[in-house]
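Colleague: In our numbering, the protein residues as written are 477 to 748. To start, I am sharing the structure in question, which I have written as structure tokens.
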């Protein structure tokens, strides 16, 4: 009989490619984070890698309300814009998700690309176009115009996250609630929204992070008084390679990790 033993070489090449490429990708993603964190603990006067010495002086300088008053104001503006962008996204993404889940597939296929189109358009192009349109109709750059721009560009992220959850919902649950005598509002509050909550929270996290880190839209739509943290960070780098930039990165990385761990804990499926 002929020897039918399988050739191990294709399997080895596959594993070598997958694990090798995966390792390279992880290093490529994690290395900048590690370098930024390392530089934030330097005792030197400027950004330099490898850092010289170990010190928390730049975190102390960043938290100093006198020395870093401009950075504190920029961070507050960024958090306010991101929070308002999440609220604005909720106002249109959740109703759109519920409404689209009750439409026919053909209608959804025609409308959904329009809702997701801001994700395809480069935000730099949208920011410039929004500024031109705002000036044409008489609006000046402001905090609220910036929030509106963030809602338009990043709101589809919440819709997409919530719609993925909505596709897996059983419509008979809402029908059963109605049959039992519940009003449409009670059904929405007690049945539909709790089931959509994982997608809503995931979308809120995505919108908040994208809004907090955005440069292009804020660059065009924010006024001179609405300094945001990303733009202030670029200014610090251009002016003096201030190490507080690395400290800002360290705080943002730490807060992001904490939020992700909490979200993983809260949204983890519970076993009966």
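Virtual Cβ for every residue (Gly too), placed ideally from N, Cα, C.
Should residue 639 and residue 573 be called a contact, given that it needs their Cβ atoms to be closer than 7 Å?
Modeller: The answer is yes: Cβ separation under 7 Å.
Colleague: Quick one: residues in its chain with C-beta nearer than 8 Å to the C-beta of residue 637, no 5 flanking neighbours on either side, listed in chain order?
Modeller: Excluding positions up to five away in sequence, the list reads 675, 676, 678, 679, 682.
Colleague: Give the DSSP-derived three-state secondary structure of residue 748 in the structure shown.
Modeller: Residue placement at residue 748 is flagged as unreliable, the pLDDT there being 44, under the threshold of 50; a coordinate-derived value is accordingly withheld.
Colleague: Helix, strand or coil for residue 515? Go by DSSP, reduced to three states.
Modeller: DSSP places residue 515 in helix when its eight states are reduced to three.
Colleague: Could you tell me the distance, in whole angstroms, from the CA atom of residue 504 to the CA atom of residue 541?
Modeller: Going by the C-alpha atoms only, they are around 35 Å apart.
Colleague: Whole-angstrom Cβ separation of residue 695 and residue 603, contact assumed at under 8 Å?
Modeller: Sure, about 6 Å apart at Cβ, within 8 Å.
Colleague: Would you grab the beta carbon distance between residue 523 and residue 729 for me? Rounded to a whole angstrom, and I think it's under 8 Å.
Modeller: Not really, about 16 Å apart at Cβ, beyond 8 Å.
Colleague: If contact is defined by three or more beta carbon pairs under 8 Å, each pair taking one atom from either stretch, is the region 716-729 in contact with the region 507-521?
Modeller: The region 507-521 vs the region 716-729: in contact.
Colleague: Please report the straight-line C-alpha distance between residue 610 and residue 586, rounded to a whole angstrom.
Modeller: Each residue's Cα considered, the two are about 28 Å apart.
Colleague: Work out the CA separation of residue 543 and residue 597 for me, nearest whole Å.
Modeller: Taking the straight line from one Cα to the other gives about 39 Å.
Colleague: Rounded to the nearest angstrom, what separates residue 493 and residue 670 at their Cα positions?
Modeller: So the two alpha carbons sit approximately 42 Å from each other.
Colleague: Does residue 600 come out as helix, strand or coil in the three-state DSSP assignment?
Modeller: Of the three classes helix, strand and coil, the one that applies to residue 600 here is helix, per DSSP.
Colleague: Between which residues of its own chain and residue 748 is the CB-CB distance below 6 Å, once the five residues before and five after are set aside?
Modeller: The pLDDT assigned to residue 748 is 44, lower than 50, so where the model puts this residue is not dependable; a value taken from the coordinates is nonetheless given after this. Result list for residue 748: empty, nothing under 6 Å.
Colleague: Nearest by alpha-carbon distance to residue 599: which of 561, 648, 630 is it?
Modeller: Comparing Cα-Cα distances from residue 599 to each of 561, 648, 630, the minimum goes to 630.
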